[in-house]
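Quick note: the sequence shown uses the working numbering, first residue 258, plus one each step. We put the beta carbon where it would ideally sit given N, CA and C, even for glycine. One structure is given below, encoded as structure tokens.
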Amino acid sequence: MPVQKNSLNPYLEVVTGSIIYGTIGVFLDKIQGMSTGSVLFSRLFFGLCIIFIYLLFNRGLGQLKPHKKKRYLLLLGLLNAITGICYFSSIRYSGVSVAVLLLYTAPVYVSLFAPSVLGEHRNSNSFLPLLLATAGVLLIARPGEILGHSGPEFQKGLLFGLLSGLSFGVNIITIRYLRNDYSGISQTFWLTGISLLFMLPSALSTPIAVFVKNLDILLLFGLTITFAAVIYLRGISGIRAQTGSILALVEPVSGIFFDVTVLKNPLYISTFLGCLFILTAAYVISRRDGLGLK
Numbered sequence: 258m259p260v261q262k263n264s265l266n267p268y269l270e271v272v273t274g275s276i277i278y279g280t281i282g283v284f285l286d287k288i289q290g291m292s293t294g295s296v297l298f299s300r301l302f303f304g305l306c307i308i309f310i311y312l313l314f315n316r317g318l319g320q321l322k323p324h325k326k327k328r329y330l331l332l333l334g335l336l337n338a339i340t341g342i343c344y345f346s347s348i349r350y351s352g353v354s355v356a357v358l359l360l361y362t363a364p365v366y367v368s369l370f371a372p373s374v375l376g377e378h379r380n381s382n383s384f385l386p387l388l389l390a391t392a393g394v395l396l397i398a399r400p401g402e403i404l405g406h407s408g409p410e411f412q413k414g415l416l417f418g419l420l421s422g423l424s425f426g427v428n429i430i431t432i433r434y435l436r437n438d439y440s441g442i443s444q445t446f447w448l449t450g451i452s453l454l455f456m457l458p459s460a461l462s463t464p465i466a467v468f469v470k471n472l473d474i475l476l477l478f479g480l481t482i483t484f485a486a487v488i489y490l491r492g493i494s495g496i497r498a499q500t501g502s503i504l505a506l507v508e509p510v511s512g513i514f515f516d517v518t519v520l521k522n523p524l525y526i527s528t529f530l531g532c533l534f535i536l537t538a539a540y541v542i543s544r545r546d547g548l549g550l551k
């Protein structure tokens, strides 16, 4: 997707999508009696329907035809399914703060592998914003609390979180790789549809009555997160992968905000300081690349 030089729109789209993604913990808290896989299936199903209807009314179904790099569309769907199931599981086992910390180890993987995989220039000035962002996420997640928990459930959450971070990092690189062949909404459609197939067994094992009980929340969940996915993918396809991975760190700030205001979990000074670090990193990286976007 072409982006005008010096345009701030891709940055705003990535940040906005990341803020909306921060509501995931709230939705999971409201859904009762469903496995992580069935919740993810429902979110993906409603999301796919919404994308299809949108494209139908806007006569955009033609852009969904796969033409190049079909294997990478399959990879994108698989990575999305892995990221979703691991992230949702991490939230349920270890809480929002720990889950977002581990999910957002993704920039480390992107910074390490994106230059060699995508041929992007390795910018030496990326160190400061990456350091700020990483420090911010560590402050938000309150690592001292992590060290104080050693139960098996919490350890499951840590493992799922680490896997979500790795798969999310590879996902960002794949999205960037496909940017010239598929639009943001086209990538969203295919990754959603393919992920849906992977989640089908979990959905089939869930009683219909449980789906009906949670139908209103699931529908709203699908609508909200699909909208976030579309604008996030559209934005990240127009900027460097390393830049997008750091801007997306706004999501932990959003997640903690909703965790405190909606779920009524306590706010710590480390959380506030972490938000400042992450927002500063996002500002620095967008200003730097906004002046010379390739």
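In this structure, the CA atom of Phe455 is about 12 Å from the CA atom of Leu332.
Assignment of Thr280 by DSSP, reduced to helix, strand and coil, places it in the coil class. About 15 Å separates the beta carbon of Ile535 from that of Val517, a gap too long to meet the 8 Å contact definition.
A residue is called buried once 16 or more other Cβ atoms fall within 10 Å of its Cβ, and Gly319, having fewer, is exposed. In the DSSP assignment, Met456 falls within the alpha helix (DSSP H) that extends over Gly441 to Leu461. Bounds of the alpha helix (DSSP H) holding Ala371 are Ala363 to Leu375. About 5 Å separates the CB atoms of Val271 and Leu504; that is less than 8 Å, so the two are in contact. At least 8 Å separates the beta-carbon of Leu415 from that of Ile348. In summary, Leu301 is buried, with 16 or more beta-carbon neighbours lying within 10 Å of its beta-carbon over all protein chains present. Shown here for Gly341: same chain residues with a beta carbon closer than 6 Å to its own, the five before and five after excluded, namely Leu297 in chain order. Under a 10 Å Cβ-count criterion, Arg328 is classified as exposed, with fewer than 16 other Cβ atoms of the shown protein chains found around its own Cβ. When Cβ pairs closer than 8 Å are counted between the two stretches, the region 352-372 is seen to touch the region 416-426, the count reaching three or more. Between the alpha carbons of Gly282 and Lys325 lies a distance of about 36 Å. Our two residues, Ser443 and Leu312, have alpha carbons roughly 10 Å apart in a direct line.
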